[in-house]
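Here is the structure we will look at.
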Amino acid sequence: MTSLTRTTLYNNTLVECTDNIAYVCLHNEIRKDTFIYDPGKIVQQLHQIPSTEHKSVTSECKSDSFIIPLRMQDNCNNKGSDEDHDNFYHYSDYDECEGNENGGAYQCKKCNVAQFRYPDGTVRLRNPHIELMDQDILYHLALGSESHDLVEMFGDVKFICMGGTPKRMESFAYYIMKEIGHKLPTGTTLQDISQYSYRYSMYKVGPVLSVSHGMGVPSIGILLHEVIKLMYHAKAKDPIFFRIGTCGGIGLEGGTVVISDDVVDEMGNHYYEVPMLGKPVRRPAKLDRRLVRELRALADPEDPYETTTGTTMCANDFYEGQGRTDGAFCDYTEAEKMTYLTQLQSNGVKNIEMEVVPFAALTHHAGIKAAVVCVTLLDRMKGDQVCAPKEVMNEWQIRPQKLVGRYIKRYLQTKGRISFDGHGSMAVKSPRRFKLVQQESETFD
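Numbering follows this note's numbering, in which position 242 of the sequence shown is assigned residue number 243; successive positions increment by one, without gaps.
Encoded structure:
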């Protein structure tokens, strides 16, 4: 196998990584260090190398080598706080730096775009191993990078909308089809693209992908990995992710729509912690602030329900993890439960669900704009059980869909994309590989 060479620019510095060695050109010198796969750490490590390791610039610095991302935080002209720099504004369709509510500045888009996007705006993965694979099998979606023509199938996708159940996301697919005026080809019906995975459902309506993510942190985490990779293989440009779901309200009546502007776990942490190679790794869980504001502005005063913003708590359990007293086990009193919920409310928590932390963290880590819009099924300050009639809950669940639908429709109208071409058919590149992927995804524990 030929060695893989990668280069990038960091603060007017050329970094070249060949096999496990990294070279960086600094002031007409080259420094050498072991290549660390975490791009954000490469330059930190290189700057710690003694000057004795320097050598003169040679032809090893190749400007035409494959480019990988590096964090360009130190090169940003904005002088906000360290927290502002960490909370960079996601790469988007906007060219300007975005200020925050406190008068600070987010990290300039131009200073971190290369970390997440290729020059044409397509998604860049933060995983150098994917490019070396003969085929990337998206196991839980029943898709493969060589068995399917993912560019033809998904290259025009702009919006990825996720929800818990297959039925809800099928309903959303039909809803958004009507809202944006998308017409299926004559003689065709809406197809569950991932039907052979028996895990998630996926429907494509023009530039909108409607996907079920199941219940809980592990389920949505797996899906996000594969959908982000799908966007990479499809060469989708600047995708926007939405989670459309249900939740329990804290001091909010059932049927209230909540747009998450901050996220925490059960311990009040603003990060997603995942054990990797036996060590805990934390990733900030942050949503796109501008997207939150734009969604909030689309709430219609004539809507017969309240739409609000606030902090959303992500729990790892439906019962004890959310302080319910109606599970199979309960080792606390009703009074202790109410004290806990009251404390959450005083901390600005508006609702509780089970997916927002990994959703926010993984989209943030990928540099993808994302938002969460949920509807409350009950006020947890008044009880634990979901007692609303089914027909009432069905109407409530449409409310977040309406808000996200308004955003999508307005965006497409603004961009002049309200009519669509014929992307999205089940384009098979290799029948043999397609069959192998199908068989692999049909096999489950």
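Beta carbons: idealized from backbone N, C-alpha and C, even for Gly. Owing to the predicted nature of the structure, the values given are computational and were not obtained by experimental measurement.
For V376 and E396, the rounded distance between their alpha carbons: 10 Å
Segment contact flag, the segment 397-407 with the segment 245-258, C-beta cutoff 8 Å, min 3 pairs: yes
Start-end ranges of the alpha helix (DSSP H) lying completely within the segment 146-171, minimum 4 residues: 151-155
Endpoints, the beta strand (DSSP E) within which M314 is located: 308-315
Bounding residues of the alpha helix (DSSP H) (the contiguous stretch that carries P276): Run containing P276: none in the alpha helix (DSSP H); it sits in the beta strand (DSSP E), 272-277.
G164 versus I194 - alpha carbon distance: 16 Å
The segment 357-372 / the segment 261-269 touching (three or more Cβ pairs under 8 Å): yes
Span of the beta strand (DSSP E) around I369: First-last for I369: undefined, no H or E at that position.
CB-CB length for T310 against R297, believed under 8 Å: 6 Å
G246: first and last residue of the uninterrupted beta strand (DSSP E) it sits in: 241-250
Proximity to I251 [Cα-Cα], best of R381, A389, H271, F319: R381
Burial state of P305 (16 or more Cβ within 10 Å): exposed
For K383, the three-state DSSP class (helix, strand or coil): coil
Helix, strand or coil at S213 [DSSP, three-state]: strand
Beta-carbon contacts of K410 that lie in its chain and below 6 Å, excluding the five residues immediately before and after: E180, I181
Assigned exposure category for G328 - 16 Cβ within 10 Å defines buried: exposed
Start-to-end residues for the beta strand (DSSP E) that takes in M203: 203-206
Check whether E356 and G217 have beta carbons under 8 Å apart: yes
G207 versus K338: straight-line alpha-carbon distance, rounded: 46 Å
S347, buried or exposed, once every other Cβ within 10 Å from all chains shown has been counted against 16: exposed
Proximity below 8 Å, CB of G215 to CB of Y201: yes
Backbone CA spacing between L210 and Y333 [nearest angstrom]: 42 Å
Where H130 falls, given that 16 or more other Cβ within 10 Å makes a residue buried: exposed
Distance, F243 Cα to V405 Cα: 8 Å
Opening and closing residue of the beta strand (DSSP E) in which K351 lies: 350-354
M154 burial status per 10 Å Cβ neighbour count (16 or more: buried): buried
DSSP three-state assignment for A389, whether helix, strand or coil: coil
Alpha carbon of P302 to alpha carbon of K236, nearest angstrom: 38 Å
For I181, three-class secondary structure by DSSP: helix
Where S195 falls: helix, strand or coil (DSSP): coil
Host alpha helix (DSSP H) of V228 (start-end): 218-235
Nearest residue (CA-CA) to T308, options T123, A300, R127: A300
Residue interval of the alpha helix (DSSP H) (run including R290): 290-298
Euclidean distance between Cα positions of Y412 and Y341: 40 Å
Simplified DSSP state of R125, which is helix, strand or coil: coil
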